[in-house]
Amino acid sequence: MSTIDDTVEEWPRERNGGLLPTHPPEGHRPPNGCMWGHDPSEFCYIRRHPDSNRRTIWTRSMLQDFNECYDRELECKHFSNPDINPKPRLRRPWPVLKVPKARNGCHTKKVSYDPPLGHIDEGSDHDDIFPWDVVLEDSDDDDAVQTNKLHGAMATDKVTKTRIKVSTNSLVDSTDRVLPPWLPYTPMFTSWWKSVTEIRVSDISAQPCRLRFVAKRPSKRPKKRASSKKFLCIENDGEDADTEDCTDTEPLPPTVTHRGASSLYNLANIPVLQEHIPIVHFPDILHVHDPFDLSMGDTTVDHLHGATVSHANCPVRYERLWPPPNSPTSTKTKRNIAQLYLSPQNEVGTGHHSVVYASPLQLPSPLTTYNSASARPGTVRVMAKVAIQDVSARKLLNNEGEIYNSFPQHFSEEYCGFHILTPEMRTLVPSVAVTPKFFGYYIPSDGGDTALTPTWEQRSPILLIEDCGEQISIGDMTPEDRIDCYSLLVRLHFAEYMHNSFKQRNIVVQPGPLTAPPEARSMDTPSFRVIDFGRTESYCNYKASALYDFQMDPNGVYPKDDTTIANIEWSWGCHLMEERRKARRELRFGQYDF
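The opening residue of the sequence shown carries number 1 in full-length UniProt numbering; numbering runs sequentially from there.
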């Protein structure tokens, strides 16, 4: 962690430069809109007026846009890498999802995925020097693959994605090799790659593979399946897979009698889903296998001891409420069906209003997983949140689903580089994700005579989110880690959200970096997320509620004097300041330690 006073130098001003503009230059910024630099040297002090001692902080790209005193000499003096001016780049987690080929070697349809599925974030020393293109992962057509030049990275075959070790010289005259998108990286987040001494493909070579690869045309002999202990990046995408369309025509849902019940609910060797589900494959219908009636939210029942098993052969049907049906998936004539398995043995936490289960989720076809990453291809691990039988609990879960749906996507995405969150913080923090990924909010749709039963006594809606680790222990955290957690709250406030329950129990941590395979992650590079948004409020809702209290039209009909609106904005700001003050006390550091 780097403080501004330790790392930032002052950028000179012209003698007759005048005041800095009220609205500073944008420069390079990720979608969250915060000031961004690729490394700490790209942040500089600049005087607001040449004759004033008041200074503000700008980034290198902002100085370039301002174009005052910007020349090659100063560039070499202030910046660690003056020859390269990278832009923010989305960092992809270690891939789990894929769309397999059909048994005839072809895909049923062409769909582009952005970001593409199955790519490894290997990165580069300077990030995003060469932008990568979207690859049509489910097409074998030669013209469907967009390629880049090889810059010391790797080459991949269009059909088999098989990789073998080659020398750089052997790439010169190749006509049957194509190159994947350029995959840059930040060295501080990719030290795991240096520790990988050997990656083998049993059916190609017994020699260790390094960072240079070349494609190989598919062989007619049958392929051997890669060991599940090896990294999934070397698995053959052309492997046979069951591509039976699991869409809502509607087939009979599978039951626990088709396979052993213990295996269906077992989380062993089931990978955590840390990628966004492509919108075209997002589950529309959720068949919830709930033999213990956990979705009822009845906390008076001991499900592990003496509970009665019911509905063992009848999954409960849920439909997606958020993301809403008016998303692009609603244009389909058939709907994607996923299977969720709830078990009391997989309970990970119980709160005052909800219970959370780590649950296997069988993805809709044709979406599946790499066989080397999962004991059951097509099944991933997610967190399923269920509200207890209480009116307020159901309202909180409903609000949380709505809040997750309103979050911008960059809230759950990680970018290279650093932020300076002025004026609230004076410490450089990494550009990481704030919240878990959102996999949908589902409500029960099974028929039945429920007219006489209150809604809060019926089955609870289910919220599916990413599993982001365990609750933090502030006493075991370094000051840098606590500052990282505090920056997540500041990011929420910058996006006009108030958490309203920023406590230690609502911050989770897991080993990182997430771009590395799970075996190579470490708590030396932790990854933090904020959870539990049941009480979270956006400024739009806060303003609408306040206007309603004042009996004004929330659509824009305000009183002639704007003092009421100003008071609402002032009140909102006071609430944010108070929440930040409580967060600093919760994280055990003073007012000026960040």
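No residue lacks a Cβ here, since even glycine has one placed at the ideal position from N, Cα and C.
In the DSSP secondary-structure assignment, M498 is bridged to E537. One Cα belongs to F528, the other to C485, and the distance between them is close to 7 Å. In the three-state reduction of the DSSP assignment, L488 falls in the helix class. The stretch 375-390 and the stretch 294-303 touch, with no fewer than 3 CB-CB distances between them shorter than 8 Å.
The DSSP-derived three-state label of Q345 is helix. For D524, the enclosing beta strand (DSSP E) begins and ends at S522 to V530. When the five nearest sequence neighbours on each side are left out, the beta carbons in the same chain lying within less than 8 Å of the beta carbon of H353 are those of A387, I388, D390, S392, A393, L396, L397 and G534, in order along the chain.
Ranking K98, S61 and E519 by CA distance to the CA of P366 puts K98 first. When the five nearest sequence neighbours on each side are left out, the beta carbons in the same chain lying within less than 6 Å of the beta carbon of R13 are those of R47 and P50, in order along the chain. When DSSP states are grouped into helix, strand and coil, K77 belongs to the helix group. Restricting attention to L421, F438, G440 and F439, the CA atom closest to the CA of S431 is found in L421. Under the Cβ criterion (8 Å, minimum of three pairs), the stretch 29-36 counts as touching the stretch 401-410. Beta-bridge partners assigned by DSSP to E414: R91. Y404: not part of any beta strand (DSSP E); member of the alpha helix (DSSP H) spanning V391 to S406, first to last residue. Straight across, the Cα-Cα distance linking V288 with I337 is about 11 Å.
Taking V272 as reference, the option from F418, I285, P518 and T455 with the minimal CA-CA separation is P518. In the structure shown, the three-state DSSP call for S359 is strand. Counting the other Cβ atoms within 10 Å of the Cβ of K77 gives fewer than 16, which makes it exposed. The alpha carbon of Y442 has as its nearest neighbour, out of H38, P323 and H281, the alpha carbon of P323. Nearest to V316 by alpha-carbon distance, out of S445, V355, E347 and Y357, is S445. Around R505, the same chain offers Q471 as residues with beta carbons nearer than 7 Å, after the five sequence neighbours per side are excluded. Looking at S52, T536 and S487, the one whose alpha-carbon comes closest to that of G18 is S52. For M383, the enclosing beta strand (DSSP E) has its first and last residue at T379 to A387. C-alpha of I285 to C-alpha of C416: approximately 35 Å in a straight line.
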